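Taken in order, the sequence shown gives residues 535 to 863; the numbers are from my numbering.
Only one structure is covered here, and it is reproduced in the block below.
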Amino acid sequence: MSTQIDIREEMTHILRLVGAWDHAYGENYLIRLLRGDGAFGWCKPEHEQLPGFGELADSSAEKVRSLINLLVNRNFLRVTEQVVGKLTIDQAGIDYLTRPMNYLVTTGSLKVSTREKLLTIALQQLRRELSRQEGLPPFRIFTDYMLQNLVRQMPLSVLQLKTVSGFSDSLADRYGVSILGVIRKVHLQLREEEAHRLHVWVQTPACQSVRSLFMAGESPEAIALRRKVKPETVFRILEALHITGHIDFRSWVKTQVPDAVRQKACAYFSQNPESSLKAALNELGLDYQTLRWCRILCSPPKNQTNGQSGDVLDSFRSFHSVVHPVLST
């Protein structure tokens, strides 16, 4: 469960350093300055005098990168160059430095997911292999900034790859097959691991108790009252039971979604089977709960699809971060 922390000190060091350097540099250079990493003489001597140099020496490079990304996403920093990802301070950052104050964020917003870690390692390995094959330095294949954009956006087609910052059409055409192959491999690995966790979880006494009550005709709301949990928790359990073939949840869900909304959402998911719920939300303008229900309506339970749970499993990528798998038994 995420808690809130104050990043005022770290935020001030980052913004002061970026605001003081002579011209824009990339994220990796900024991380090394903040951590005071002077290895191999990479650092310009005058940059050791910049405010913030070495101030985050006790923080991992991973954490500093997360802090920088958060400041970019919240418009305190701005990316000015889309290949290397050079950074400058934005107006919000300048305003903040005139009056620094406590700035609370959740620990979850700074956490690097398993998907991001696995994909970063896999893409770095691919870049090394392509670099050796073509006799080019790794950054000529794609830069660290472009690699991080691949990790964040996780494109699943050449068309999507061409929208990633720094990737020209020619670059996407040249390396697209290799890059997408790596991304899909990691994507499939994570889905298989998630499916396994889901199957194990729905076998717990708490989930099976919810199943028994639902099969006896009780509504999700009534089950929540009986189990003394939030209705949202029961909904997630019933969705998981549907996905794993223990129940058919569609009849009840159908009562919650107007026909016009269901038809619109199902048409979208049939055309975009790999779409995330976030992408669907941006496209359809529906709330997450309605989108999850529509995916249930669009997908038969596992035991009605020859043992395949289908793409509906994507809606549970962060399933276990939302639902607590422990209920009173």
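All C-beta atoms in this analysis are idealised placements derived from N, C-alpha and C, irrespective of residue type, glycine included.
Here the structure is a predicted model, which is why all the values come from computation and not from measurement.
- By the Cβ test, the stretch 659-675 is not in contact with the stretch 685-704, since fewer than three Cβ pairs between them sit closer than 8 Å.
- Tyr822 counts as exposed, since fewer than 16 other beta carbons sit within 10 angstroms of its beta carbon.
- The beta carbon of Ser643 is closer than 7 Å to those of Leu604 in its chain, skipping five residues each way along the sequence.
- When secondary structure is reduced to three states using DSSP, Gln658 falls in the helix class.
- Cβ atoms of Leu660 and Ser712 come within 8 Å of each other, at about 6 Å.
- Excluding its 5 nearest sequence neighbours in each direction, Asp678 has C-beta neighbours in its own chain below 6 Å: Asn562, listed in chain order.
- For Ile565, the enclosing alpha helix (DSSP H) covers residues Glu561 to Leu568.
- With contacts defined by Cβ atoms closer than 7 Å, His733 and Thr778 form a contacting pair.
- The C-alpha of Gly710 is placed about 9 Å away from the C-alpha of Ser704.
- Arg731 and Phe748 have their C-alpha atoms spaced approximately 22 Å apart.
- Here Thr622 is bridged, per DSSP, to Arg612.
- Of all alpha-carbon atoms in Phe610, Ser810 and Cys832, the one lying nearest the alpha-carbon of Gln687 is that of Ser810.
- Collapsing the DSSP output to three states places Asp540 in a strand.
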